[in-house]
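Working notes, beginning with the structure itself.
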Amino acid sequence: MWAKYLLIVFIFYIFALLQNSFFVNFSLLGINPNLVFILFILLIFFEKKPTNFSNIYFAIIAGFFLDIFSSIPLGWSILILIVIGYLIKKIKEILSEKNDSYPYAYFAIIFTVTFFTYSFLLNLVVYFILKSDVFFNINLVFVFKIIYNLILASGLFFVYKKFMVENNSRQQRLF
Amino acid sequence: MILIQTFMNNLKTFSVNKKRVGFIKFLSGLIFIFIFLFILNLSSPQIKNYFFIASNPVENRFWIAGQTVAKTFDSVLKSGSLIKENTDLKNENHKLLSQIIFLQAEKKSAQVHAEILNKNIENEFDLAIVDVIGMDIHNELTINKGSDDGILEKMPVINQQNILFGKVSKVYKNFSKVTLISDKNSIVNVKIKKDQDIVINSEEELLKEDQEKPYETYGVVKGKGNLQAFLDLVQINDELNPGDVLVTSSLENTFPKDLLVGKIFDVKKNDQSPHQQAEIDLFFDVKVDNLFVITNYKR
Numbered sequence: 001m002w003a004k005y006l007l008i009v010f011i012f013y014i015f016a017l018l019q020n021s022f023f024v025n026f027s028l029l030g031i032n033p034n035l036v037f038i039l040f041i042l043l044i045f046f047e048k049k050p051t052n053f054s055n056i057y058f059a060i061i062a063g064f065f066l067d068i069f070s071s072i073p074l075g076w077s078i079l080i081l082i083v084i085g086y087l088i089k090k091i092k093e094i095l096s097e098k099n100d101s102y103p104y105a106y107f108a109i110i111f112t113v114t115f116f117t118y119s120f121l122l123n124l125v126v127y128f129i130l131k132s133d134v135f136f137n138i139n140l141v142f143v144f145k146i147i148y149n150l151i152l153a154s155g156l157f158f159v160y161k162k163f164m165v166e167n168n169s170r171q172q173r174l175f
Numbered sequence: 176m177i178l179i180q181t182f183m184n185n186l187k188t189f190s191v192n193k194k195r196v197g198f199i200k201f202l203s204g205l206i207f208i209f210i211f212l213f214i215l216n217l218s219s220p221q222i223k224n225y226f227f228i229a230s231n232p233v234e235n236r237f238w239i240a241g242q243t244v245a246k247t248f249d250s251v252l253k254s255g256s257l258i259k260e261n262t263d264l265k266n267e268n269h270k271l272l273s274q275i276i277f278l279q280a281e282k283k284s285a286q287v288h289a290e291i292l293n294k295n296i297e298n299e300f301d302l303a304i305v306d307v308i309g310m311d312i313h314n315e316l317t318i319n320k321g322s323d324d325g326i327l328e329k330m331p332v333i334n335q336q337n338i339l340f341g342k343v344s345k346v347y348k349n350f351s352k353v354t355l356i357s358d359k360n361s362i363v364n365v366k367i368k369k370d371q372d373i374v375i376n377s378e379e380e381l382l383k384e385d386q387e388k389p390y391e392t393y394g395v396v397k398g399k400g401n402l403q404a405f406l407d408l409v410q411i412n413d414e415l416n417p418g419d420v421l422v423t424s425s426l427e428n429t430f431p432k433d434l435l436v437g438k439i440f441d442v443k444k445n446d447q448s449p450h451q452q453a454e455i456d457l458f459f460d461v462k463v464d465n466l467f468v469i470t471n472y473k474r
């Protein structure tokens, strides 16, 4: 159990490094994918019974790595991600789960909504805490930003589902 | 009857207590998180600096690997347009050849070019060479020198072609953050060099330019975020053309003058506004290895 949580810290760290260095060279219209956020959403989404502990744990790790490489004071992303984790938990409760426990449509909706919420809340922090002159604006570039991140998140969604979820259910059947 | 009533009362008290416990749990959790964040922020610069030192070697390797892979992708993607590019280059070459015939005062022309494009900043300013090792989600570059190396906030950052990148916005012990001129809060005063100011066709024109100083157009470059910016506050009567080059004017005293900023590609005029705007292509490219921080420019 603890090995899993330690491994998650390590993966978040690698994703943060990749996001800040490797993927900068693949920016489209100046937009870089937010890998740490994508991984956070994937973990929460695929958590069988998301508890408050797992939500807060993932939020602390993801938020910490998002803030550590930026100029934002430590902790703001943690708070935002805790809110988003709670939001996902509620959305998952509302959406009925039938044959497929992890339908892609749900994931796409959840990702889009939470990515928008995350960007909005982060802009709120930058505007009020860092005294930025410009507030959140939704334009074509922002829409493209969501699409770009959603495409990458979708790829990772199917990889995660194929290897992690199916492996787990196969193991359960064997026992 | 009394027993039932007592039981119901107990049940109510229990559910109220359960709610209270839940609320207390939530409140204590909230307080714990805030205390945790407060403690975290007490030593935030040290923690960030420690992470930078620990991550620097890996981050640097990822950065270089990303550049290599991106260059390979670029060359594959652009191979289709190579034929067209070759034809364009041939045409351009012919144009340049015809211009060379008219260039009698080659030496003087070279001096003018040097004055505009390469101000020889090395003689005027002290430069600190820095490695770029990353860029965060707010499009701020991370460079590998900090307060220990004499880097201070607001120092201008350029590359070896005198292209302006931005200014140092946050300094840690061993690394710094650079806010690019494309940042939403960035405003840079610029002057517009006409396309024809840069390409000089004959000695007569050179002499003419020396005698009559050309009328200069001024404006400001405002960041749009996501590595984009636009030109604003140019007088409506001033002439703007696609291809005009923007250089720093130093009016705001943040950047030295004549640093290259960008090129106009679309002019937007509105008769109801006293100013005109233009879409611009910024010259800087974040896919770089090294940059220079001007360490002695008066701020």
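Just so you know, the protein sequences line up as chains Y and D, in that order. Taking the numbering used here, the leading residue of the first sequence gets 1, the next gets one more, and so forth. Taking the numbering used here, the leading residue of the second sequence gets 176, the next gets one more, and so forth. For each residue, glycine too, the CB sits at the ideal point set by N, CA and C. If you're wondering where the values come from, they're calculated on a predicted model, not measured in any experiment.
Buried or exposed by the 16-neighbour rule on C-beta atoms within 10 Å, applied to residue i
i, result
"D:K444", "exposed"
"D:A229", "exposed"
"D:M330", "buried"
"D:V409", "buried"
"Y:L28", "exposed"
"D:E315", "buried"
"Y:I158", "In the sequence as displayed, the identity of residue 158 of chain Y is Phe instead of Ile. Exposed, by the Cβ-count rule."
"Y:W2", "exposed"
"Y:Y5", "exposed"
"D:F198", "exposed"
"Y:I88", "buried"
"Y:L17", "buried"
"Y:I82", "buried"
"D:F458", "buried"
"D:T243", "exposed"
"D:K339", "Per the sequence shown, the amino acid found at residue 339 of chain D is Leu instead of Lys. Buried, by the Cβ-count rule."
"D:L435", "buried"
Start and end residues, beta strand (DSSP E) containing residue i
i, result
"D:G400", "392 to 400"
"D:V365", "362 to 368"
"D:S495", "No answer is possible for residue 495 of chain D: the residues shown for chain D start at 176 and end at 474."
"Y:F163", "Unbroken run through Y:F163: none, as it is neither H nor E."
"D:L421", "420 to 423"
"Y:I72", "Y:I72 -> no beta strand (DSSP E), and no H or E assigned at all."
DSSP-derived helix/strand/coil call for residue i
i, result
"D:F300", "coil"
"D:F430", "coil"
"D:S351", "strand"
"D:I208", "helix"
"D:I312", "coil"
"Y:I147", "helix"
"D:E387", "Any answer about D:E387 is weak, because its pLDDT of 49 lies below 50 and its placement is not dependable; what the coordinates show is given next. Three-state DSSP puts D:E387 in coil, outside helix and strand."
"D:N465", "strand"
"D:L327", "coil"
"D:T247", "helix"
"D:G437", "strand"
"D:F405", "strand"
"D:Q242", "helix"
"D:Q221", "helix"
"D:L457", "strand"
"D:K443", "strand"
"D:L271", "helix"
"D:I356", "coil"
"D:D413", "coil"
"Y:I138", "coil"
"Y:L29", "coil"
C-beta neighbour in chain D for residue i, strict 8 Å
i, result
"Y:L78", "Residue identity differs from the one stated: residue 78 of chain Y is Ile in this sequence, not Leu. Cβ-Cβ to chain D under 8 Å: yes for Y:I78."
"Y:D18", "According to the sequence shown, residue 18 of chain Y is Leu rather than Asp. Output row for Y:L18: interface = yes."
"Y:I68", "yes"
"Y:G30", "yes"
"Y:N149", "no"
"Y:F12", "no"
"Y:F120", "no"
"Y:V24", "yes"
"Y:P73", "yes"
"Y:N55", "no"
First through last residue of the alpha helix (DSSP H) which encompasses residue i
i, result
"Y:E93", "76 to 94"
"Y:D67", "52 to 68"
"Y:I41", "35 to 46"
"Y:L124", "104 to 128"
"Y:F10", "2 to 17"
Residue-level contact to chain A via CB, residue i, 8 Å cutoff
i, result
"D:I206", "Here chain A cannot be found, since the structure's protein chains are Y and D."
Contact with chain Y by residue i, beta-carbon distance below 8 Å
i, result
"D:M330", "no"
"D:V374", "Low confidence applies to D:V374: its pLDDT is 49, below 50, so where it sits in the model is not reliable enough to give any reading."
"D:N401", "yes"
"D:K368", "no"
"D:K345", "yes"
"D:S219", "yes"
"D:D311", "yes"
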